[in-house]
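For the sequence shown, full-length UniProt numbering gives the first residue as 1, with consecutive numbering after it.
Backbone N, C-alpha and C fix where the C-beta goes; we use that ideal spot for every residue, glycine too.
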Amino acid sequence: MSEPPILYTELKQKTSSQSQPKRTKTSMSKDPGREQELAYVELELQRPSQQQRKSERVNGKDAPASVWQLTAVTLVIFCLGLLLTVGVLAAQGLHCGTCPENWFLYGNNCYLFSKEERKWDESQAICRSQNSMLLKLENKGELDFLSLFALYGWTGLYRSGRNQTWKWSDGSNLSIGLLHITLDESGKDCAKYHPSNPASPEECESLQKYICKYRIP
1 MSEPPILYTE LKQKTSSQSQ PKRTKTSMSK DPGREQELAY VELELQRPSQ
51 QQRKSERVNG KDAPASVWQL TAVTLVIFCL GLLLTVGVLA AQGLHCGTCP
101 ENWFLYGNNC YLFSKEERKW DESQAICRSQ NSMLLKLENK GELDFLSLFA
151 LYGWTGLYRS GRNQTWKWSD GSNLSIGLLH ITLDESGKDC AKYHPSNPAS
201 PEECESLQKY ICKYRIP
């Protein structure tokens, strides 16, 4: 019995480039689902994280404002602390040492600021009864010390009448280099201390608070 004949068939395999259609920009643009997917991926890549936005605010435009606010708060706290310190020194730390109670110490002198109001001559008599006299201003340091209290009162400065020489109650003349009285009104022959005007002329019969002073031996 004879064998059947063998048939040979030549198979030509197409290259991969021929078997798959070419992907062009035109074909991609016609796929809306693909475009949305690419746009979403691109958006996610461009969107900064929350941590990155915080870092940008700190290092960017928000940083100067934050620094300015911190500086302002620090300055306010410092000023309040300074005012408190001055107040404590003026109200507590200075009425010590050899000065009596309610008197304030500065240098070698003690000062008393009255709470009552009296005429000039009555005030002078009260000060003398406490072995002191009405305030006599002697130097700029003393003026700076008194300005801490924001108080006012009779001083020992007076004159006998208009166009007369201003003198202190101890008989010494007014030092023009330290104080200068520009007001020359008739009847205002006694001077009171005020922080804005250390020698302010007033009528001697008017009621004012007074400031006593005595030197520590």
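When the beta-carbon positions are compared, serine 132 and lysine 209 stay at least 7 Å from each other.
Pairwise C-beta distances place the stretch 68-83 out of contact with the stretch 194-211, as fewer than three of them are shorter than 8 Å. Using a Cβ distance threshold of 7 Å, asparagine 102 and arginine 215 do not count as a contacting pair. Cβ contact annotation for glutamate 203 (same chain, cutoff 8 Å, sequence separation greater than five): Gly187, Lys188, Asp189, Cys190, in chain order. Under the three-state reduction of DSSP, threonine 182 is assigned to coil, being neither helix nor strand. The Cβ atoms of lysine 136 and glycine 156 sit closer than 7 Å to each other.
Annotated three-state conformation of tryptophan 168 is coil, per DSSP. For serine 129, there is no enclosing beta strand (DSSP E); the residue is part of the alpha helix (DSSP H) that begins and ends at 120-129. In the three-state DSSP reduction, threonine 98 falls in the coil class, being neither helix nor strand. When DSSP states are grouped into helix, strand and coil, lysine 213 belongs to the strand group. Annotated three-state conformation of lysine 192 is strand, per DSSP. The residue among Cys212, Cys99, Ala199, Val76 with its C-alpha nearest the C-alpha of histidine 180 is Ala199.
In this structure, DSSP gives serine 66 a helical state, which the three-state scheme calls helix.
The C-alpha of leucine 75 is placed about 42 Å away from the C-alpha of leucine 174. Straight-line measurement puts the Cα of lysine 167 at about 19 Å from the Cα of tyrosine 152. Assigned with DSSP and collapsed to three states, glutamate 205 falls in coil, not helix or strand.
For lysine 213, the closest of Glu117, Cys79, Ser129, Lys140 by C-alpha to C-alpha distance is Ser129. Bounds of any alpha helix (DSSP H) do not take in glycine 187, whose DSSP letter is neither H nor E.
Less than 7 Å separates the beta-carbon of glutamine 124 from that of leucine 134.
Around the Cβ of tryptophan 68, a 10 Å sphere holds fewer than 16 other Cβ atoms; the residue is exposed. In the displayed model, leucine 148 falls within coil according to three-state DSSP, outside both helix and strand. Contact annotation: glutamate 205 and lysine 140 have beta-carbon atoms that are not nearer than 7 Å.
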